[in-house]
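For reference, the structure is listed below as structure tokens.
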Amino acid sequence: MPRFRRRRNGFPTLLHIILEQQVSIDAAAAMHRRLASLCRPLSPEPFLALDDVTLRACGFSRQKMDYARRLARAVASGAFDFARLDGFEDDAALADLVGLKGIGRWSAEIYLIFALGRSDIWPAADLGLQLGVADCLGLDARPDERALRGIGDRWSPWRSVAACLFWQSYLHARGRAAPQLPPELYAA
Numbered sequence: 696m697p698r699f700r701r702r703r704n705g706f707p708t709l710l711h712i713i714l715e716q717q718v719s720i721d722a723a724a725a726m727h728r729r730l731a732s733l734c735r736p737l738s739p740e741p742f743l744a745l746d747d748v749t750l751r752a753c754g755f756s757r758q759k760m761d762y763a764r765r766l767a768r769a770v771a772s773g774a775f776d777f778a779r780l781d782g783f784e785d786d787a788a789l790a791d792l793v794g795l796k797g798i799g800r801w802s803a804e805i806y807l808i809f810a811l812g813r814s815d816i817w818p819a820a821d822l823g824l825q826l827g828v829a830d831c832l833g834l835d836a837r838p839d840e841r842a843l844r845g846i847g848d849r850w851s852p853w854r855s856v857a858a859c860l861f862w863q864s865y866l867h868a869r870g871r872a873a874p875q876l877p878p879e880l881y882a883a
């Protein structure tokens, strides 16, 4: 049975999710490790002091630099507060996160599942989830986002749990272990 580990609610976790966009989890973890070795503590103010050359050396693209800096400025200025997400319903928390430039629906959904422990989130745009569902349900083709949203309805109100199981199945079928994130991202 897979072990599900919750991530910490806060800047380092959402920054890591930005790094996970469009790359493998392993590549994002490597970028995060390089960044964490140069930016201590990994919080908005020290992050904002890093120049482009340093961030590029960590693996940031120009776009990820922009998104990460916008996030850091929003948190540092108080315009965005992670603590308030706990009091929001799923849709409101999703909207608050998506209001940040560079945080789309997928990133917000991943944050809600892994940092806030929300039980009924279904990130239907996730390629690994699409492939895992196709494998497990014996589908001839990978379902697109729209089709997967409909498929996921049967597991509500536990869609996050179902998603985690499908991701594990996807990895297992391909002989891959669950990715290990930097330990500082995990909640105690």
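Using the numbering used here, you'd call the opening residue of the sequence shown number 696 and step up by one each time.
Ideal Cβ placement from N, Cα and C applies to all residues, glycine included.
A quick note: this is a predicted structure, and the numbers were derived from the prediction, not measured.
Buried versus exposed, by CB contacts within 10 Å (16 or more), residue i
i: G827; result: buried
i: G870; result: exposed
i: G847; result: buried
i: P852; result: exposed
i: P741; result: exposed
i: A803; result: buried
Cβ-based neighbour list, residue i, same chain, cut-off 7 Å, excluding 5 preceding and 5 following
i: H727; result: H711, L714, P877
Residue i versus residue j: straight-line alpha-carbon distance, rounded
i: R765; j: L795; result: 8 Å
i: V770; j: L737; result: 13 Å
i: I798; j: A883; result: 25 Å
i: S814; j: A790; result: 17 Å
i: V718; j: G782; result: 31 Å
i: T708; j: Y806; result: 8 Å
Whole-number beta carbon distance between residue j and residue i, since they are thought to touch under 8 Å
i: W850; j: A857; result: 4 Å
i: A820; j: R800; result: 7 Å
Cutoff 6 Å; reference residue i; Cβ partners in own chain excluding five residues on either side
i: Y762; result: I713, G797
i: D785; result: R813
query = Which runs of the alpha helix (DSSP H) fall wholly inside the segment 764-847 and span at least 4 residues, in chain order?
reply = Within the segment 764-847, complete alpha helix (DSSP H) segments of at least 4 residues are found at 785-793, 800-809, 822-832, 840-847, given in chain order.
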